[in-house]
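Just below is one structure, and these are the notes that go with it.
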Amino acid sequence: MKYVLMAVASLALIFGFLFASNYYKEQQAEKLSFLAKDNISTFIRDHSPTLGSEEAKVYIVEFMDPACETCAAFAPFIKQMMNANPGKIKLVLRYAPLHDGAEGFVRILEAARMQGKYWETLDIMFRTQPAWASHHNYQPEKLWQFLPQVGLDIERIKKDMNDPAIIKIVNRDIADSQILQVTKTPGYFVNGKPLQVFGYQQLKELVQSELAIQYPK
Amino acid sequence: MSHSKQTSTANWTILFLCWLLVAVSTSISLFFSYVMEFAPCVLCWYQRICLFPLVIILAAGLFPIDKSVVKYALPLAVAGWLTALYHNLLYSGIIPESIQPCSRGVSCTEKYIDLFGFLTIPMLSLLAFSTVIILLLIFNKRMST
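Those protein sequence lines, which keep their order, are chains A and B.
With the first sequence counted from 1, adding 9 to any position gets you this note's numbering.
With the second sequence counted from 1, adding 588 to any position gets you this note's numbering.
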């Protein structure tokens with residue numbers, strides 16, 4: 010009898026936990042999709058760098074930071090998905106520099122945009138990341154040596170990265186990331202729907218489901 | 589005979605309720621951190637260190653009922669209670685938090701939830717540990733007589 014009581018109580022707790030988790034996540038997803046409908050600009054600002062066709066109907070909004078290791082790991086994966094569905098996916102990058110010192114790298118990247126080398130710079134930053142951002146030990150001075158490879162003028166970067174316009178962009182993105190409750194990078198929204206469970210496969214499934222809605226066979 | 593059997597069932601039930609309380613508290617604590625994604629601060633971790641083992645220790649003490657479970661569970665509950673008390677004093681501003689450099693950690697005075705104006709997470713912890721201590725003391729007294 011006592012064993013039965015204990016088993017029933019344990020099961021009730023486990024199921025209660027699972028039920029509450031599902032309920033909470035559904036509530037959150039509803040709240041965010043409501044936000045998406047009402048206020049699309051929270052997801053995409055005019056200043057946001059984008060990649061992909063203007064005609065694309067599936068928008069992947071990624072809150073990231075060039076010093077984030079998982080963001081670097083996801084970059085080729087996203088490119089692969091975009092290549093597999095040409096013209097259908099558009100990537101929008103937003104910044105969420107969550108760690109101390111990460112914001113400086115975002116500003117370096119934005120300064121590179123002023124020289125028209127945004128995606129090249131992001132690519133080289135991701136590839137050389139272990140040299141200057143290993144385990145959140147940020148060493149900006151070690152980044153400079155790699156940037157000339159894409160033809161960047163380092164002195165100009167050092168000057169431009171303190172431009173008030175760049176600081177404004179970063180602050181806007183940080184404020185939006187807080188509204189959208191992005192607490193980890195990379196944080197993904199596909200057509201306004203948040204990626205609930207983090208992972209390659211889960212992101213792929215979310216993108217596939219949106220592709221199926223937007224491009225019915 | 590039937591009287592003593594009733595008493596032993598009542599004692600078992602007290603310990604069971606105590607276990608149920610720590611199991612529910614543990615679930616809520618995990619819910620906060622894994623589902624609602626609140627990052628636990630350092631003081632929360634100290635309280636969790638005292639709380640989580642109680643689920644296993646009390647369960648072990650239930651089968652078969654063992655009065656010496658109090659000896660092992662009570663020190664953990666008291667340690668948790670003291671940390672929770674300190675946390676509440678810090679939270680309510682009675683003890684000032686010393687100035688700290690920015691870090692990636694979570695401030696122990698950051699408010700996450702506030703139900704009915706007084707039920708904060710550290711308050712829930714203090715209430716849970718207090719109830720566990722009271723139940724353990726009642727259980728101990730009844731088993732000793």
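Every residue gets a Cβ at the ideal spot worked out from N, C-alpha and C, and that includes glycine.
(Q) Between L189 of chain A and chain B, is any beta-carbon pair separated by less than 9 Å? (A) no
Q: From the DSSP output, in three-state form, read off G61 of chain A for me.
A: coil
Q) Counting only beta-carbon atoms, is A18 of chain A nearer than 9 Å to chain B? A) yes
Q. Should F86 of chain A be labelled buried (16 or more other beta-carbon atoms within 10 Å of its own) or exposed?
A. Exposed, by the Cβ-count rule.
Q: Can you grab the Cα-Cα spacing for the pair S218 of chain A / V191 of chain A, in whole Å?
A: 22 Å
Q. Going along the chain, which residues of its own chain have a beta-carbon closer than 7 Å to the beta-carbon of E64 of chain A, five neighbours each way excluded?
A. G96
Q: Check each candidate in A:Q187, A:A184 and A:L215 and name the one with the smallest Cα separation from F198 of chain A.
A: A:L215
Q. Which two residues bound the contiguous alpha helix (DSSP H) that contains G113 of chain A?
A. A111 to M123
**Q.** Neighbour flag for M624 of chain B against chain A, beta carbons, 9 Å
**A.** With its beta carbon less than 9 Å from one in chain A, M624 of chain B belongs to the interface.
Q. From V568 of chain B to I682 of chain B, what does the alpha carbon distance come to, in whole angstroms?
A. Limits of chain B in this structure are 589 at one end and 733 at the other, which puts residue 568 of chain B out of reach.
Q. For the 8 Å Cβ check, are there 3 or more pairs between the stretch 604-615 of chain B and the stretch 178-191 of chain A?
A. Touching, no, given that fewer than three Cβ pairs across the two stretches are closer than 8 Å.
(Q) My output table needs one value for I178 of chain A: the three-state DSSP class, helix, strand or coil. (A) helix
Q. Do W141 of chain A and K126 of chain A have their CB atoms nearer than 9 Å?
A. no
**Q.** Spatial distance of L605 of chain B from M10 of chain A (CA atoms)
**A.** 15 Å
Q. In chain B, which residues lie with their C-beta within 9 Å of the C-beta of M15 of chain A?
A. F604, W607, A647, L650 and F651
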